[in-house]
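Have a look at the structure below, then the notes.
Chains as they are written, first to last, in the working numbering: chain A, -15 to 260; chain B, 17 to 253.
Below, the structure written as structure tokens:
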């Protein structure tokens, strides 16, 4: 039954995220064409303000795409399980956890792929655009790459081994947070949408605090331990090590929040369903 | 229908549901036998839909129990109850075939060929987007799918409300022709004169309480008038 639920969920939801994907890819292509055609800067002190704004607009656009994708699945969850559409979904002979899993799985696939797409777009585009905004020596790129690899694990493979589950957890975290808010919104009588928004803000703040608490020990150590500032190389090693700890703490806190949200959604769907 | 029967398809005991301070259902006790067409009758706001939603697991009861074929509302009861809600539940982007595939995929008792035959008879295309259909046609399409299941219990909430008299006839005819006589139909409405002829039993409900649960024949012989006339007297303001 789970496979059938996933099939229907996919069939009913693929159009909007695919449209967002398409729009982002088109935008990126147009952006790359423009930047490859525009003349390089000749003056070292010059700043091409137009290109700078274009780059900022591009960053906003792709972030908005990510946000829209997540928001779409949050609204879909609310509409499909809490409004008239719920009369169909909740009378199917399937358990609430299957309903929840199918929706989480499909939404996660889209948001995860979107996140990976962002990685694939944003870094190359940034380094491609920077010389057209201001004359820059890009020799620091190699060092930057090494530092990122050190933060994420040391070698490209181990960096990827951390980055992929970390991003996956981030995608599920964004989705289930909205699901939990939509589920809690059921307790707000005739103001369920408003209630869901209020709950989302509350949960977002709460989970932000939880994440901060998880990261607090690593962050405090990073800030207080100034002895490592004696030389740049030792600082780099120390900083990357600590930053890795911070990211790992965030990863763990995301997993904890995901578990809490899924439990909450499941409990409400199973024990407190009150469809209007 | 109120006395305890071991052969009941549905057994409801002390069912109470409150929305805040409002009591929608108050200590309802009912036994629904198999093989009957039962009218759940009452004015608007009497608790009919609340009772039906509780039976379908769409609401959680405050107190009391519901047993359908020996099970509390859950996966087992959803497999044997075919429910037509008062509201149309498909999303705007769906076509008739999408709704059809839900029934095909999830209900083992769904008779695909029967549904296709009925849709063809009613000239409803599988490819039609649901939002392009009139209210009456949408009701008919949903009813076809619901009645194409070989369920033990059919629960139809206001199936003829808001549609024109011609569509009403088609809907009632579909219900009578397609239902398996060993099954029970629980049909809620306040348009009694339209459905009186097809009912075996009636339940009168007001302010969340069952006022009467009896066979149509008993009412006619005891009151000497139709159920509709008796209903008007009982629920006169």
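Cβ coordinates follow ideal geometry from the N, Cα and C atoms, glycine included.
Span of the alpha helix (DSSP H), counted from its first residue to its last, around residue i
i	result
residue 194(B)	181 to 194
residue 42(A)	33 to 66
residue 96(A)	80 to 117
residue 33(B)	Run containing residue 33(B): none in the alpha helix (DSSP H); it sits in the beta strand (DSSP E), 26 to 35.
residue 151(A)	140 to 168
Residue span of the beta strand (DSSP E) that contains residue i, given as start and end
i	result
residue 167(B)	Note, residue 167(B): premise wrong, no beta strand (DSSP E); not H, not E.
residue 229(B)	225 to 231
residue 39(B)	38 to 48
residue 204(B)	200 to 205
residue 76(B)	Premise fails: residue 76(B) is in no beta strand (DSSP E) and is neither H nor E.
C-beta atoms of residue i and residue j nearer than 8 Å
i	j	result
residue 158(B)	residue 100(B)	yes
residue 160(A)	residue 203(A)	no
residue 80(B)	residue 153(B)	no
residue 232(B)	residue 243(B)	yes
residue 167(A)	residue 248(A)	yes
residue 66(A)	residue 154(A)	no
residue 46(B)	residue 219(B)	yes
residue 209(B)	residue 64(B)	no
residue 88(B)	residue 28(B)	no
residue 188(B)	residue 160(B)	no
residue 105(A)	residue -3(A)	no
residue 67(B)	residue 44(B)	yes
residue 26(B)	residue 84(B)	yes
residue 162(A)	residue 6(A)	no
residue 72(B)	residue 189(A)	no
residue 221(B)	residue 24(B)	no
residue 199(B)	residue 170(B)	yes
residue 179(B)	residue 212(B)	no
residue 84(A)	residue 250(A)	yes
residue 131(B)	residue 116(B)	yes
residue 122(B)	residue 68(A)	no
C-alpha distance - residue i paired with residue j, whole-angstrom precision
i	j	result
residue 55(B)	residue 147(B)	30 Å
residue 179(A)	residue 9(A)	35 Å
residue 233(A)	residue 57(B)	60 Å
residue 108(B)	residue 150(B)	13 Å
residue 22(A)	residue 103(A)	24 Å
residue 133(A)	residue 139(A)	6 Å
residue 174(A)	residue 149(A)	39 Å
residue 70(A)	residue 119(B)	15 Å
residue 31(A)	residue 16(A)	19 Å
residue 133(B)	residue 41(B)	40 Å
residue 114(B)	residue 146(A)	40 Å
residue 38(A)	residue 187(A)	34 Å
residue 252(A)	residue 193(A)	24 Å
residue 244(A)	residue 184(A)	14 Å
residue 143(B)	residue 165(B)	21 Å
residue 44(A)	residue 171(A)	35 Å
residue 207(B)	residue 185(B)	13 Å
residue 82(A)	residue 124(B)	18 Å
residue 80(A)	residue 246(A)	11 Å
residue 255(A)	residue 78(B)	11 Å
residue 135(B)	residue 190(B)	11 Å
residue 35(A)	residue 135(A)	31 Å
residue 227(A)	residue 208(A)	14 Å
residue 173(B)	residue 195(B)	16 Å
residue 239(B)	residue 260(A)	37 Å
residue 158(A)	residue -5(A)	22 Å
residue 30(B)	residue 46(A)	56 Å
Cut-off 7 Å between Cβ atoms - residues of its own chain near residue i, not counting five sequence neighbours on either side
i	result
residue 86(A)	-14, -11, -10 and -7
residue 19(A)	112, 113 and 116
residue 4(A)	49, 52 and 53
residue 195(A)	234 and 237
residue 0(A)	56
residue 176(A)	66, 169 and 170
residue 60(A)	-3
residue 20(B)	Residue placement at residue 20(B) cannot be trusted, given a pLDDT of 47 that sits under 50; what the coordinates show is reported in the next sentence. Only 47 meet the Cβ criterion.
residue 89(A)	-10
residue 75(B)	33, 66 and 69
Beta-carbon proximity list for residue i, same chain, < 6 Å, skipping 5 on both sides
i	result
residue 119(A)	25 and 28
residue 42(A)	15
residue 53(B)	201, 214, 215 and 216
residue 191(A)	241
residue 236(B)	none
residue 227(B)	220
Cβ-based neighbour list, residue i, same chain, cut-off 8 Å, excluding 5 preceding and 5 following
i	result
residue 198(A)	233, 234, 236, 237 and 240
residue 111(B)	142, 143, 144, 145 and 146
residue 51(B)	197, 198, 199 and 200
residue 127(B)	164, 165 and 166
What are the start and end residues of each continuous alpha helix (DSSP H) run of 4 or more residues lying completely inside the region 78 to 149 of chain B, in chain order?
Listed in chain order, they are 91 to 96, 112 to 122 and 128 to 137.
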